[in-house]
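Participant: Residue numbers (our numbering): 1383 to 1716.
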């Protein structure tokens, strides 16, 4: 090959090599620029890793409350659930809270005696209304799930936060119940039921997530909250009160109880105090003008605090070093 023909060939190869290298450099720069723009300004010290719920998990749900509420607050309960799309809520107001807590084996756990009763109900065949409801759900649920699948969960959250009224957000996923909805699991006490509805539950992003259910503003009292889905049900107790009670127990069984208004801090004069152990009333008394009641002696040293309308975190045991009892007293104020 002559020198005149070699130079154009070398120049052509060099041009191709330079073009390939330039394209590679430009692509790398573009990728790095996009990564810098999309990266956060700072990395979290403790990153959170989500654990999606198991889609094949058996249906499960439970209710709990972590505080008491005043009449000015919106009473709320927390629901933990898996494998359910909605729950039927029934709220009952307890007429005699003292009798209610006395009858419980454990005042801090409700619903343990319902397993045998529910086992019997599962054995009976479904009624015509129940079959009709199941047929309607078989048509409605696939359509609803298809529409929900078209929108991402984050998009729905952003839309709700931006356009929906916060005061109405608590009831946006609710529909009223009718007589057919009570067929499978009858009401505990129709005379004491104050509200009922069906709450739609969105899918959870993490298996440890929980959802807050608002009961709205309530009058002072003890409320039993029942959640139902098919043959499953769970219970929780919500306490609404404007009274706060603090107590201290000494080694020899003496007890000092102080009751105040939770909003103003003013002493609660004339509050009736009842100390209960199991189903037995150990002693009773009334607070003085300073909201204080002194009890000389009780049968057990360690106590737990609650009242007719409240189980307060302010009333934790403050004994002088005594060992906490596994089944202590119940201190109630009315």
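By construction, the Cβ of each residue, glycine as well, lies at the ideal position given by its N, Cα and C atoms.
With DSSP collapsed to three states, give me the class of residue 1485.
Facilitator: Helix, per DSSP.
Participant: Report the option in 1662, 1476, 1636, 1585 whose CA atom is closest to the CA atom of residue 1441.
Facilitator: Ranking 1662, 1476, 1636, 1585 by Cα distance to residue 1441 puts 1585 first.
Participant: Is residue 1404 helix, strand or coil when you go by DSSP?
Facilitator: Residue state, collapsed to three classes: helix.
Participant: Grab me the residues of residue 1636's own chain with a C-beta within less than 7 Å of its C-beta, minus the 5 sequence neighbours each way, in chain order.
Facilitator: Correct list, in chain order: 1677, 1678, 1679.
Participant: So does the stretch 1603–1610 actually touch the stretch 1469–1486, counting three or more Cβ pairs closer than 8 Å?
Facilitator: Because the criterion of three Cβ pairs below 8 Å is met, the stretch 1603–1610 and the stretch 1469–1486 touch.
Participant: Roughly how many angstroms lie between the CA atoms of residue 1387 and residue 1403, to the nearest whole one?
Facilitator: C-alpha separation (whole angstroms): 25 Å.
Participant: Which term fits residue 1620, buried or exposed, when burial requires 16 or more other beta carbons within 10 angstroms of its beta carbon?
Facilitator: Per the 10 Å Cβ criterion, buried.
Participant: Just how far apart, CA to CA, sit residue 1434 and residue 1589?
Facilitator: Distance between the alpha carbons of residue 1434 and residue 1589: 6 Å.
Participant: Cα-Cα, which of 1480, 1712, 1629, 1596 is closest to residue 1673?
Facilitator: Answer by Cα proximity: 1629.
Participant: Based on the DSSP secondary-structure assignment, which residues constitute the bridge partners of residue 1659?
Facilitator: Paired residue(s): 1662.
Participant: Nearest to residue 1615 by alpha carbon, out of 1443, 1462, 1437?
Facilitator: Here the closest residue by C-alpha is 1443.
Participant: Can residue 1644 and residue 1626 be called in contact, C-beta distance under 8 Å?
Facilitator: It is a contact, given that the beta carbons lie within the stated cut-off.
Participant: What do you get for residue 1479, buried or exposed, if any count of 16 or more other CB atoms within 10 angstroms of its CB means buried?
Facilitator: With 16 or more other Cβ atoms within 10 Å, it is buried.
Participant: From residue 1467 to residue 1582, what distance separates their C-alpha atoms?
Facilitator: Distance between the alpha carbons of residue 1467 and residue 1582: 6 Å.
Participant: Let's see if you can read the secondary structure: which residues bound the beta strand (DSSP E) around residue 1609?
Facilitator: Segment 1603–1611, the beta strand (DSSP E) holding residue 1609.
Participant: Looking only at C-alpha atoms, which of 1597, 1527, 1526 sits nearest to residue 1456?
Facilitator: Residue 1456 has its Cα closest to that of 1597, out of 1597, 1527, 1526.
Participant: Expressed to the nearest angstrom, what Euclidean distance is found between the alpha-carbon atoms of residue 1712 and residue 1454?
Facilitator: Between residue 1712 and residue 1454, the C-alpha separation is close to 26 Å.
Participant: For residue 1483 versus residue 1714, is the C-beta distance shorter than 8 Å?
Facilitator: Yes, these two residues count as a Cβ contact at 8 Å.
Participant: Which of helix, strand or coil does DSSP assign to residue 1570?
Facilitator: Coil.
Participant: In the DSSP assignment, the beta strand (DSSP E) including residue 1462 goes from what residue to what residue?
Facilitator: It spans 1457–1464 - the beta strand (DSSP E) in which residue 1462 sits, taken as one unbroken run.
Participant: Looking only at C-alpha atoms, which of 1660, 1671, 1469, 1638 sits nearest to residue 1579?
Facilitator: Nearest C-alpha to residue 1579: 1469.
Participant: Exposed or buried, residue 1452, counting other C-beta atoms within 10 Å across all chains shown (16 or more means buried)?
Facilitator: Result: buried.
Participant: So, under 8 Å CB-CB, residue 1657 and residue 1648 are touching, yes? Tell me the CB distance rounded to an integer number of Å.
Facilitator: The pair is not a contact, with the Cβ atoms about 24 Å apart (cut-off 8 Å).
Participant: Among all the DSSP beta bridges, which residues are the ones paired with residue 1673?
Facilitator: Note: residue 1673 sits in no beta bridge, so no partner.
Participant: Report all residues from its chain with a CB closer than 8 Å to the CB of residue 1664; omit the five preceding and five following residues, and keep chain order.
Facilitator: The answer, listed in chain order, is 1657, 1658, 1680, 1681, 1711.
Participant: Would you call the CB atoms of residue 1461 and residue 1593 closer than 8 Å?
Facilitator: For residue 1461 and residue 1593, yes; Cβs fall inside 8 Å.
Participant: Buried or exposed for residue 1389, please, with buried defined as at least 16 other CB atoms from any protein chain shown within 10 angstroms of its CB.
Facilitator: Its Cβ having fewer than 16 others within 10 Å, residue 1389 is exposed.
Participant: When burial is assigned at 16 or more other CB atoms within 10 Å of the CB, is residue 1631 buried or exposed?
Facilitator: Per the 10 Å Cβ criterion, buried.
Participant: Where DSSP assigns a beta bridge to residue 1475, which residues make up the other side?
Facilitator: Residue 1475 pairs with 1605.
Participant: Could you name the residues that DSSP lists as bridge partners for residue 1715?
Facilitator: According to DSSP, which records beta bridges pairwise, residue 1715 is partnered with 1655.
Participant: Could you check where the beta strand (DSSP E) with residue 1589 kicks off and where it finishes?
Facilitator: No beta strand (DSSP E) contains residue 1589, which DSSP labels as neither H nor E.
Participant: What does a CB cutoff of less than 7 Å around residue 1348 pick up in its chain, not counting 5 residues either side in sequence?
Facilitator: Nothing about residue 1348 can be read from this structure; the chain reaches only from 1383 to 1716.
Participant: Can the beta-carbon of residue 1459 be found less than 8 Å from the beta-carbon of residue 1639?
Facilitator: No, they are not a contact pair.
Participant: Look at the alpha carbon of residue 1560 and the alpha carbon of residue 1526, and state the distance between them as a whole number of angstroms.
Facilitator: Rounded to the nearest angstrom, the two C-alpha atoms are 21 Å apart.
Participant: Is it buried or exposed for residue 1600, if we count other Cβ within 10 angstroms and need 16 for buried?
Facilitator: It is buried - the Cβ of residue 1600 has at least 16 other Cβ atoms within 10 Å.
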